[in-house]
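A short write-up of the structure that comes next.
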Amino acid sequence: MKIGFPPIINQGAKVLILGSAPGEVSLRKQQYYGNNGNQFWKILFDYFNTPLTADYTEKKQFLLEHHVGLWDVYDAFEREGSSDNLITEYVLNDFTDILTNNSLKLIIANGKKAHSEIIKNHLFNQLPVTYCISTSGAANNYMDLRKKQWTDALDSVFKTSSA
Numbered sequence: 001m002k003i004g005f006p007p008i009i010n011q012g013a014k015v016l017i018l019g020s021a022p023g024e025v026s027l028r029k030q031q032y033y034g035n036n037g038n039q040f041w042k043i044l045f046d047y048f049n050t051p052l053t054a055d056y057t058e059k060k061q062f063l064l065e066h067h068v069g070l071w072d073v074y075d076a077f078e079r080e081g082s083s084d085n086l087i088t089e090y091v092l093n094d095f096t097d098i099l100t101n102n103s104l105k106l107i108i109a110n111g112k113k114a115h116s117e118i119i120k121n122h123l124f125n126q127l128p129v130t131y132c133i134s135t136s137g138a139a140n141n142y143m144d145l146r147k148k149q150w151t152d153a154l155d156s157v158f159k160t161s162s163a
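The sequence shown finishes on residue 163 if you use this note's numbering, and the numbering steps up by one all the way, no holes.
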């Protein structure tokens, strides 16, 4: 089985973004959203009006400074290629420690697979969960709607608080 990445999160996180599992390019690079076709980093940097950096360490620090956590639903998984539809076996991540983070206000599911697993497995019953169109390059036909969904989700936390 392939193994996912550890979470990027600290006690100040207000939003936790959950994908399903890293794709092949991300696994090879050992970076969340390492495929250049994926719009995750662009969407987040644009939202916070910050120039996008190519440096992965700076990207991780950016998330922490902006009170955003990042992880995946699956800890381990079996899949050929990068499509979520090809996942045949999996082990869910244990979110026990994440749930002790009292500052979390929202879970954003990055794509249908992450959202369906969160709902099916009742992973976050005490927190609101918002579905957003996947940042994957496969969903780039929906850029305008995707940007609106992500902006609305982030605004629900960051425009109503003193982030």
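Virtual Cβ for every residue (Gly too), placed ideally from N, Cα, C. All of these numbers come straight from a predicted model, not from anything done at the bench.
message: Measuring straight from C-alpha to C-alpha, what distance separates W41 and W150?
response: 12 angstroms
field: Segment contact, 8 angstroms Cβ cut-off, at least three pairs: the region 92-109 with the region 49-58
entry: no
- prompt: G137 to L123, Cα distance in whole Å?
  reply: 27 angstroms
message: Taking the straight line between their C-alpha atoms, what separation do you get for Y33 and P22?
response: 7 angstroms
- prompt: Excluding sequence positions up to five away, which residues of its chain have a Cβ less than 6 angstroms from the Cβ of H67?
  reply: G12, A13, K14 and A163
field: Whole-angstrom distance between T135 and N38, CA atom to CA atom
entry: 6 angstroms
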